[in-house]
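Participant:
There are 2 protein chains.
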Amino acid sequence: MLSRRELANAIRALSMDAVEKAKSGHPGAPLGMADMAEALWRGILKHNPADPHWPDRDRFVLSNGHASMLLYSVLHLTGYAVSMDDLKNFRQLGSKTPGHPEYLHTPGVEITTGPLGQGLAAAVGMAVAESALAAEFNRPGLEIVDHYTYVFAGDGCLMEGVSHEACSLAGTLRLGKLIVLYDANGISIDGRIGRWFNEDVAARFEAYGWQVLRVDGHDGALVEAAVMAAKADEERPSLIICRTHIGFGAPNKVDTAAAHGAPLGANEVENVRETLGWPYAPFEIPPEYYAAWDCREKGAAAQKAWNELFLRYQEAHPDLAREFCRRISGGLPGELDEIASRMAVKASVARENLATRQAGLNALNGFSPYLPELFGGAADLSGSVGTRFVNVTDYGPENHMGRYLRYGVREFGMGAMLNGMALHGGFIPYGGTFLIFSDYALNAIRLAALMQLKVIWVLTHDSIGVGEDGPTHQPVEQIPGLRLIPGLKVWRPCDSVETVVAWHSALTGNSPVVLALSRQSLPCQLRTAEANAGIARGAYILRGNNDPEPQAVIIATGSEVDLAVRAAAELAEEPDCLRVRVVSMPCAEVFEAQDEQYRNQVLPPNVRARVAVEAAGADWWAKYVGLDGETVGMHGFGASGPAAQLFPYFGFSVEAVKAAVRRVVHRLADK
Amino acid sequence: MLSRRELANAIRALSMDAVEKAKSGHPGAPLGMADMAEALWRGILKHNPADPHWPDRDRFVLSNGHASMLLYSVLHLTGYAVSMDDLKNFRQLGSKTPGHPEYLHTPGVEITTGPLGQGLAAAVGMAVAESALAAEFNRPGLEIVDHYTYVFAGDGCLMEGVSHEACSLAGTLRLGKLIVLYDANGISIDGRIGRWFNEDVAARFEAYGWQVLRVDGHDGALVEAAVMAAKADEERPSLIICRTHIGFGAPNKVDTAAAHGAPLGANEVENVRETLGWPYAPFEIPPEYYAAWDCREKGAAAQKAWNELFLRYQEAHPDLAREFCRRISGGLPGELDEIASRMAVKASVARENLATRQAGLNALNGFSPYLPELFGGAADLSGSVGTRFVNVTDYGPENHMGRYLRYGVREFGMGAMLNGMALHGGFIPYGGTFLIFSDYALNAIRLAALMQLKVIWVLTHDSIGVGEDGPTHQPVEQIPGLRLIPGLKVWRPCDSVETVVAWHSALTGNSPVVLALSRQSLPCQLRTAEANAGIARGAYILRGNNDPEPQAVIIATGSEVDLAVRAAAELAEEPDCLRVRVVSMPCAEVFEAQDEQYRNQVLPPNVRARVAVEAAGADWWAKYVGLDGETVGMHGFGASGPAAQLFPYFGFSVEAVKAAVRRVVHRLADK
């Protein structure tokens, strides 16, 4: 019979050979973590290679994603649809085996990782989702949701601040089914870590309320025993500190940074073969290895047992079972569209002057009774950002039925956790903070976009309208900056009606969405039916829709729409009767996805007299106003003072917008 | 004699009255921390209100910057140029007392704070700078650099991940002169923190290698004793956990989140007056309070003693004294410009194909012998990003003369620490990581821009040129995103010559700079003398400078400049002989600061046939190409594969650039 070490060596061989063939990659971590992976994946992990989407599988997160070949190797060996050819194509364009694991790209990859710390933090979100879904759906003897979240993480993950944010919270939330195996190899890219990372990691995690175990990471049996001990502690998340050697088996590179991020080289690869006693050719795995690694039968049996459990569940609780399937598939209740239009009509009729953060909370209150999958939260600004809908209770160790998480002042941790919850399935997670602090969480938002996750960010206090808190709290570059993230939709509604549509779009779409909402009250605009219908198209003619050839167009968003409307109205009344169209553009990304005819109808290509108005950095708007237009925007940081004074101070006034329109029109006329 | 409590109550009264008058602000924290402030500022802190720039003053950082009125109150009371009228103008536009403390805005404010955690992290950088400057300049008996860095921080600061990054490193670096007073009031905006922040903070900081002390934060004598104990431990940074009550003295709001972020209201303000026994009118401070608080005499004496010490130092070490003065004033060695031009000429002649990250290291090696103030570092990517110049040694607890800091995988912590080092003075700090991970540190870069700090970011692997590491590691939106930050200069040089000029500009400017550098080799361009001179102006005509009216202009940066040059050359050779100018624009911000004549000469306003080429998100370039031009840029995330394949795959080829130029020229001709 093959030893655990021999089985682990199959991972080592595949990993170093693939890196060697690609002439690129990270061999050290797979060589170092192979024994840990063998211990977890062959025996303990509940998974079915034939169905990577089985809802009750254990989740596995490779937080140190540069060790991707470790994951691809175990996926291949245990029987996932990752072939030997796929491994040979490691890091090649279009292959199933990219440099870092990518969600939606490779069967069995649960999450895109690579940016350190975030996998671990997302796993905290997964564990929250598991416990919440279990509380909602499990019935005595019918535990259809009952799985663990496992993480491999390295020194880099634990140095990153996001690991502090999420792991501190994980301890407080007592996520007992979260089990982290820490690859403590003592090496990071700059070398031996002692000079920059000598904290007592065990004491730190104990301070967070975790169970901490220590083990030789190269002894599969001990690793397995530690995982069992971790599972036995149902109250605390567990950190298993696995002492390992990076580049294990490479006589000249073991325990050095040289093993980390470059192929070992042909000679050292041969040395590894000799050291490990691995006589096989590159990419050759003898059948007995496959036989020992194959998890298909066991996985199929496990899923079959679960399917039977679910059938019993279905019989006993048909409605719950139906709802569970809907939730897991991400389907939405049929009445959602109707509810949205009812709310929009109601808001149109009420015409209340509301801050859009308040309008957002109203919308949330309207949607939430129909969407038990909503899982809200905020980074210690619940009252300010308006994320806590009516009747919701706080999620916590004593209340897994709570659907609101108070993340504390942890924007980045929240962002990664939102991603993890969305990845887990069963929930539509959203989180709120001030727009300015999206800076802190930016790469989590980016990863949500890269993974196409339905994660909703409620980002309020969206401009100098913040007022007295001053430039540290006033977003300038954040709205245009977020628009630059591919696949992210940024909504900046101008009133209560647009806010309903924005929330509806976020809930029904399939991408992350930012809702940029105002601190201050905004007037509700008057709209024709056509204009009302246009909101969902991202931009529409708010004023002047009877005029197919306006002399100028003002494009505005959010709090500046009313300024545009008033400027256009005054211009029409003045002696030269300028005919100015106002386009409200709450979401440029949605508008840009419309057909050309619609886009040209809203923004006629031949009308070059264009002025954009937005209390944010001006540059981005050149995309719409070009070299002939102008943007009334911010050209520097904000300032501390009452918001009502800041807007005119920074050039946001009816007069300034009118002047810009006149300048643009006259300049073009002079040409 | 007035008691400590009575003296602290002066802070409380001023703070609540100013918040009340402004109808905006955060009274709770000043009320809670007043006793801590009294203990530190009256007795212990080494400072001279008449000279907030005295180099050997203790540094004070209010990391929970929303408590700004606490700071303004003590500045006023101890004798800084912050008048009672300034306090009355709290949070008003143009006042000296903005909502959060702003560096360069208020005498005695050392750093802009408000975004939580970053003040604390910047203080770690200040303490590094102090120890490094002391090691370099102090001589036995002539310790001209010998001061402490004090921080007030709140629960929010400690929840933020950046506090983990910086404080873990501070422990490792054994920054014994860093003393943090933690305002442990148990309340954050969402309420009692136990449900989201119940970690054992003391154990956590002990795990980092800190001394941890606990004290009643309302007992000034105990706080003072704890600070003395903190000073006595020269090996470890100290965290003094001060148990306090937010809103101390407000009978109805004490210990609640209601005290945090809104005025107390007239009634509660009256209640505070009664509870504290403070019978005075709003903004009335009796003379005996001023007398007890006044630190001017003591401060002047302290500085006088230091001046005398410095005179003795000057006599004993005239060269060192001169150098110290230069370093503190931020003056540069006179020969810097000459060295830069010599290096640029050398690079022009050598015409080496180099990755600009390598060219950057070469430049650094050239400059570093003349700039002892350079303080380098990287977030665990020293070899990859090329930040470790020749002959430098690592800064560490045993080597305060080292001028290179290995920050570990802590981008945000590094960013805040760079800010702290720049604020401290005496050094030009720079730090390196991959461009993509600027996401992690973004708000620190923003604060550097807001504070106009000379901090240099070496951000390499600046495009899909990253190759196999894939989309998680390939910047797309980062370059345009950084350009959106007001006051930040983003250089993206195309070869070794431009890289020298970029470094020179960064070293001689007075703002933060990003150097976006390539992973891959780039050919060195041929330049006329005029073109060479143009680099420093941010953009210049690289090809086609004899043609004042080109038919088209290609604007390119970094790795895409060569593509533009080759496309233009081929277009000129083809039957229709298109006359195409190539503009290299390594730094748009510097170009935009040039006079209009130069800008129009480089980019003639009437030439609308413009194509921008940059392997980054395309939208930003509309600023230059307008509605008639095109951008050859990225329109989504990258992919994992060899870089040489990725460029053509994503449309970066000579053919594609030529086609774009032709399309633009023909479209305009058809008009």
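Heads up: the sequence lines are chains C and P, in that order. The first sequence maps to residues 1 to 671 in our numbering. The second sequence maps to residues 672 to 1342 in our numbering. Note that CB positions come from ideal geometry on N, CA and C, so glycine has one too. Note that the structure is predicted; figures quoted are calculated from it, not measured.
1. Does the Cβ of C:E274 have 16 or more other Cβ atoms within 10 Å, making it buried, or fewer, making it exposed?
2. Here's the rule I'm using: 16 or more other beta-carbon atoms within 10 Å means buried, otherwise exposed. How should C:T508 be labelled?
3. Quickly, what does DSSP pair P:W1128 with across the bridge? List them, please.
4. Look up C:L181 in the DSSP assignment and give the residues it is bridged to.
5. Should the region 228-235 of chain C be called in touch with the region 182-194 of chain C, which here means at least 3 C-beta pairs below 8 Å?
6. Looking at C:A39 and C:L70, is the spacing between their C-beta atoms short of 9 Å?
7. Taking only three categories from DSSP, how would you classify P:S859?
8. Establish whether the CB of P:M830 and some CB of chain C are separated by less than 9 Å.
9. Can you look up P:M1256 in the DSSP assignment and give me helix, strand or coil?
10. With DSSP as the reference, please indicate the residues paired to P:L1025 in a beta bridge.
11. P:V886 lies in the beta strand (DSSP E); which residues open and close that run?
12. For P:V1056, list the residues DSSP reports as bridge partners.
13. Which bits of chain P does C:V162 rub up against, with CB to CB less than 7 Å?
14. Give me the residue from P:A752, P:I1156 and P:P1068 with the minimum Cα distance to P:L1121.
15. CA-CA distance, P:E895 and P:W964?
16. I need the straight-line Cα distance from C:A536 to C:A340, nearest angstrom please.
17. Going by the CB atoms, is the gap between C:L175 and C:A127 shorter than 9 Å?
18. Name the chain C residues that come within less than 7 Å of P:Q1123, Cβ to Cβ?
19. Buried or exposed for P:V1172, going by 16 or more other Cβ atoms inside 10 Å?
20. Output the distance between the C-alpha atoms of C:A429 and C:V561, rounded to the nearest integer angstrom.
21. Spatial neighbours of C:E160 within its chain, please: C-beta separation below 6 Å, excluding the five flanking residues on both sides.
22. Which term fits P:P934, buried or exposed, when burial requires 16 or more other beta carbons within 10 angstroms of its beta carbon?
23. Would you tell me roughly how many angstroms separate the C-alpha atoms of P:A1293 and P:S1053, rounded to the nearest one?
24. What residue range does the beta strand (DSSP E) around P:I1225 cover?
25. In chain P, what lies closer than 8 Å to C:G415 by C-beta?
26. Which first and last residues belong to the alpha helix (DSSP H) in which C:E308 is found?
27. Assuming C:I554 and C:A572 are in contact, meaning their beta carbons sit under 8 Å apart, how far apart are those beta carbons, in whole angstroms?
28. In the structure shown, what three-state DSSP assignment does P:M1014 receive?
29. Among C:K88, C:P237, C:H53 and C:T97, which one has its Cα closest to the Cα of C:H66?
30. Could you list the residues in the region 168-196 of chain C with a C-beta less than 9 Å from some C-beta on chain P, going in chain order?
31. Quick one: list the residues of chain C neighbouring P:W1128, beta-carbon separation under 8 Å, in chain order.
32. Can you have a look at C:M417 and say buried or exposed, based on whether 16 or more other CB atoms are within 10 angstroms of its CB?
33. For chain P, check one thing: does any of its Cβ atoms lie closer than 9 Å to the Cβ of C:G636?
34. Note down, in chain order, every chain C residue with its Cβ under 9 Å from the Cβ of P:E836.
35. I'd like the list of long-range same chain contacts for C:F637, defined as Cβ closer than 8 Å, with 5 residues on each side in sequence excluded.
36. Excluding five sequence neighbours on each side, which residues of the same chain lie with their C-beta closer than 6 Å to the C-beta of P:W1128?
Facilitator: Let's see:
1. It counts as exposed.
2. Exposure of C:T508 is indicated by the presence of fewer than 16 other C-beta atoms within 10 angstroms of its C-beta.
3. Under DSSP, P:W1128 takes part in a beta bridge, and its partners are P:G1102 and P:V1185.
4. C:L181 pairs with C:F152 and C:I240.
5. With the cut-off at 8 Å, the region 228-235 of chain C and the region 182-194 of chain C do not touch.
6. Inclusion of C:L70 and C:A39 in the CB contact set at 9 Å is not warranted, their separation being larger than that value.
7. Reduced to three states, the DSSP call for P:S859 is strand.
8. Judged by the 9 Å Cβ criterion, P:M830 is in contact with chain C.
9. Residue state, collapsed to three classes: coil.
10. BP columns for P:L1025 point to P:L1193.
11. Annotation: the continuous beta strand (DSSP E) that includes P:V886 extends over Q882 to D887.
12. Here P:V1056 is not bridged, per DSSP, to any residue.
13. Contact annotation for C:V162 against chain P: G832 [CB-CB distance below 7 Å, chain order].
14. Checking every option, the nearest Cα to that of P:L1121 belongs to P:I1156.
15. Take the alpha-carbon of P:E895 and the one of P:W964: they are about 16 Å apart.
16. Going by the C-alpha atoms only, they are around 11 Å apart.
17. In this structure, C:A127 sits near C:L175, with a CB-CB distance shorter than 9 Å.
18. Those within 7 Å of P:Q1123 in chain C number zero; the least Cβ separation is about 10 Å.
19. By the neighbour-count criterion, in which a residue is buried when 16 or more other Cβ atoms sit within 10 angstroms of its Cβ, P:V1172 is buried.
20. Checking the sequence shown, residue 429 of chain C turns out to be Pro, not Ala. Approximately 29 Å, taken between the alpha carbons.
21. Counting only residues of its own chain and dropping the five nearest sequence neighbours on each side, C:E160 has a CB closer than 6 Å to the CB of L116 and G117.
22. So P:P934 counts as buried.
23. Taking the straight line joining both Cα atoms gives about 35 Å.
24. First-last of the beta strand (DSSP E) with P:I1225: A1223 to A1227.
25. Within chain P, no residue has its beta carbon less than 8 Å from that of C:G415; the closest one is some 11 Å off.
26. Counting along the chain, the alpha helix (DSSP H) containing C:E308 begins and ends at R296 to A316.
27. Rounded, the Cβ-Cβ distance is 12 Å, inconsistent with contact.
28. In the structure shown, P:M1014 adopts helical secondary structure according to DSSP, grouped into three states.
29. Nearest option by C-alpha distance: C:T97.
30. Listed in sequence order: S168, L169, G171, T172, L173, S188, I189, D190, G191, I193, G194, R195 and W196.
31. Neighbours of P:W1128 on chain C: none; closest Cβ ~15 Å, over 8 Å.
32. By the beta-carbon neighbour count (other beta carbons within 10 angstroms, threshold 16), C:M417 is buried.
33. Closer than 9 Å to some Cβ of chain P, the Cβ of C:G636 qualifies, so yes.
34. What P:E836 touches in chain C: M159, E160, G161 and H164.
35. These residues qualify, in order along the chain: P471, Q474 and V476.
36. V1185, listed in sequence order.
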